[in-house]
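Residues 226 to 532 (this note's numbering) make up the sequence shown, in order.
Beta carbons: idealized from backbone N, C-alpha and C, even for Gly.
Given the structure is predicted, the values throughout are model-derived calculations rather than measurements.
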Amino acid sequence: MTNYTLTVDDESAGLRIDKFIALKIENTTRSSAAKLIESDNVRLNGKIVSKSCTIKENDILEISVPAPVSYEAVAENIPLDIVYEDNDLLVVNKPKGMVVHPAAGNYSGTLVNALLYHCKGDLSGINGVMRPGIVHRIDKNTSGLLIVAKNDAAHRGLAEQIKEHSFTREYEAIAVGNFKDEKGTVDAPIGRHHIDRKKMTVTQKNSKNAVTHYEVIKRYKGYSYIKCILETGRTHQIRVHMAYIGHPIAGDDVYGMKNEKLSFEGQCLHARKIGFIHPVSGEYMEFSSELPEYFRRLLTKLENISK
Numbered sequence: 226m227t228n229y230t231l232t233v234d235d236e237s238a239g240l241r242i243d244k245f246i247a248l249k250i251e252n253t254t255r256s257s258a259a260k261l262i263e264s265d266n267v268r269l270n271g272k273i274v275s276k277s278c279t280i281k282e283n284d285i286l287e288i289s290v291p292a293p294v295s296y297e298a299v300a301e302n303i304p305l306d307i308v309y310e311d312n313d314l315l316v317v318n319k320p321k322g323m324v325v326h327p328a329a330g331n332y333s334g335t336l337v338n339a340l341l342y343h344c345k346g347d348l349s350g351i352n353g354v355m356r357p358g359i360v361h362r363i364d365k366n367t368s369g370l371l372i373v374a375k376n377d378a379a380h381r382g383l384a385e386q387i388k389e390h391s392f393t394r395e396y397e398a399i400a401v402g403n404f405k406d407e408k409g410t411v412d413a414p415i416g417r418h419h420i421d422r423k424k425m426t427v428t429q430k431n432s433k434n435a436v437t438h439y440e441v442i443k444r445y446k447g448y449s450y451i452k453c454i455l456e457t458g459r460t461h462q463i464r465v466h467m468a469y470i471g472h473p474i475a476g477d478d479v480y481g482m483k484n485e486k487l488s489f490e491g492q493c494l495h496a497r498k499i500g501f502i503h504p505v506s507g508e509y510m511e512f513s514s515e516l517p518e519y520f521r522r523l524l525t526k527l528e529n530i531s532k
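This is the structure:
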């Protein structure tokens, strides 16, 4: 159990208590702050309050944060679409809707659970028991290719390529609106959103450089089919950058338009191509993934409305 005592400053006066806690305690979201309040782990001026309570200057909050529960990912017999595999690594085509590794609210049914079963536990341990083998990630609602390391040596070699930006990572997406130019580059740093800690945003504060190159493949009525090449690999990078330039990914319920005219099955973003130097053989390898059915359906829908 970790205990905190916070005094409300003048800038924070008027905020909801759950929002204030999320802003002041690192790695705490509003939902987890609300759970702390609901479980009577928060007292305002010595009294238990509701999560909708607003705070005043000089209010004193006493917060008790329980120690995190330790979990270990377990093997599950879940089918995998394996594009390539050898003794050191494998390339997997992840379906849309599958979470990459276990975390709060998703301790089963993830890619890691499936990998543990398929590889019989033979995965790199650099990222710990909850993320064995995971060198890089793609969002739950992004489909496509990612690489998995079977041993620590392979993991280190692949991670170094990502750090040096020598990995090839190409995505295809449907974005809202029509781009002014056929090609372009978004060079804008990305960091955690200052209010909603689950979101990322373009910011100069506590951020990392982020570069996305894009190219229009085809234009439709109100939408564009685009290719994005990552120079860096920040969390939600393509989604944040496209929203930043006014062309959010179609169907993105976090960074997208709230009232899109068309109905989408979640965000339309697919990790189409991946390329890297094999960390053991030294051979350059590149793999492509066919567009999944949901993506093809949306392209057909756009073709029809653009006639």
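Residue i at chain C interface by Cβ criterion, 8 Å
i, result
"ARG268", "This model lacks chain C altogether, as it is built from one protein chain only."
Where residue i sits in the DSSP three-state scheme
i, result
"ASN338", "helix"
"HIS166", "With the chain running from 226 to 532 in the structure shown, residue 166 is simply not present."
"LEU524", "helix"
"MET467", "helix"
"TYR519", "helix"
"LYS452", "strand"
"ASN529", "helix"
"LEU248", "helix"
"ALA378", "helix"
Residue of the options minimising C-alpha distance to residue i
i, options, result
"ALA413", "ILE246, LYS319, ASP377, VAL465", "VAL465"
"GLU301", "ASP313, ILE262, THR335, ASP243", "THR335"
"PRO517", "LYS345, ASN266, THR367", "THR367"
"ARG522", "ALA328, GLU490, ASP347", "GLU490"
"LYS526", "GLY447, LYS433, GLY271", "GLY447"
"CYS278", "TYR469, ALA292, LEU494, ALA259", "ALA259"
"ILE303", "LYS319, PRO291, GLU485, TYR396", "LYS319"
"ILE262", "PHE245, GLY500, MET425", "PHE245"
"LEU524", "ILE499, LYS272, VAL505, ILE442", "ILE442"
"LEU348", "SER333, LYS375, ASP364", "LYS375"
"ILE240", "SER256, ILE273, GLU282, GLU251", "A quick correction: the sequence has Leu, not Ile, at residue 240. When only C-alpha atoms are compared, the closest one is GLU282."
"MET510", "VAL316, LEU340, TYR396", "VAL316"
"ASP243", "LYS276, THR227, VAL233", "LYS276"
"THR457", "GLY471, LYS433, PRO473", "LYS433"
"ASP541", "ILE285, GLN462, SER264, ASN331", "Because the chain here runs from 226 to 532, residue 541 falls outside it and cannot be looked at."
"GLY507", "GLN386, MET482, HIS419", "GLN386"
"ILE499", "GLN492, VAL505, GLU515", "GLU515"
"GLU251", "ALA468, ILE273, LYS345, THR227", "THR227"
"GLU407", "GLN429, GLU440, ALA247", "GLU440"
"VAL401", "SER264, LEU305, MET482", "MET482"
"SER256", "LYS423, ASN331, ASP364", "LYS423"
"ASN338", "SER531, LEU305, ASN431, ILE530", "LEU305"
"ASP311", "SER531, PRO504, ASN529", "PRO504"
"ASN331", "ILE420, GLU528, LYS365", "LYS365"
Inter-residue CB distance, residue i and residue j (contact presumed, cutoff 8 Å)
i, j, result
"ARG459", "ALA496", "Their Cβ separation, rounded to whole angstroms, is 15 Å, which puts ARG459 and ALA496 out of contact at 8 Å."
"ILE372", "LEU455", "About 14 Å; that fails the 8 Å criterion."
"LYS249", "LEU269", "Going by Cβ atoms, the distance from LYS249 to LEU269 rounds to 13 Å, so no, they are not a contact pair."
"LEU370", "VAL308", "7 Å"
"ASN533", "SER289", "Outside the shown range of the chain, which is 226 to 532, sits residue 533, and nothing can be said about it."
"TYR450", "LYS321", "About 17 Å separates the two Cβ atoms, so there is no contact after all."
"LEU494", "ALA398", "5 Å"
"PHE392", "PHE501", "5 Å"
"PRO327", "ALA298", "5 Å"
"TYR396", "ILE463", "6 Å"
"ARG444", "ASN403", "6 Å"
"HIS438", "CYS453", "7 Å"
"HIS461", "MET425", "5 Å"
Can you confirm whether the stretch 472 to 489 touches the stretch 344 to 352 when touching is taken to mean that 3 or more C-beta pairs between the two stretches lie within less than 8 Å?
Under the three-pair Cβ rule at 8 Å, the stretch 344 to 352 does not count as touching the stretch 472 to 489.
Which full runs of the beta strand (DSSP E) of 3+ residues lie inside the stretch 382 to 448, going along the chain?
Unbroken beta strand (DSSP E) stretches of 3 residues or longer found wholly inside the stretch 382 to 448: 393 to 401, 408 to 412, 415 to 417, 425 to 427, 436 to 445, given in chain order.
Taking only runs that begin and end inside the stretch 250 to 320, name each unbroken beta strand (DSSP E) of 3 or more residues, in chain order.
Within the stretch 250 to 320, the complete beta strand (DSSP E) runs of at least 3 residues are 267 to 269, 285 to 290, 307 to 310, 314 to 319.
Check whether the stretch 402 to 421 and the stretch 358 to 370 are in contact - that is, three or more C-beta pairs closer than 8 Å.
The stretch 402 to 421 vs the stretch 358 to 370: no contact.
Would you list, in sequence order, the uninterrupted alpha helix (DSSP H) runs of no fewer than 4 residues that lie entirely inside the stretch 337 to 374?
Fully enclosed alpha helix (DSSP H) runs of 4 or longer: not present.
Does the structure place the stretch 414 to 422 close enough to the stretch 380 to 388 that three or more beta carbon pairs sit under 8 Å?
No: fewer than three Cβ pairs fall under 8 Å.
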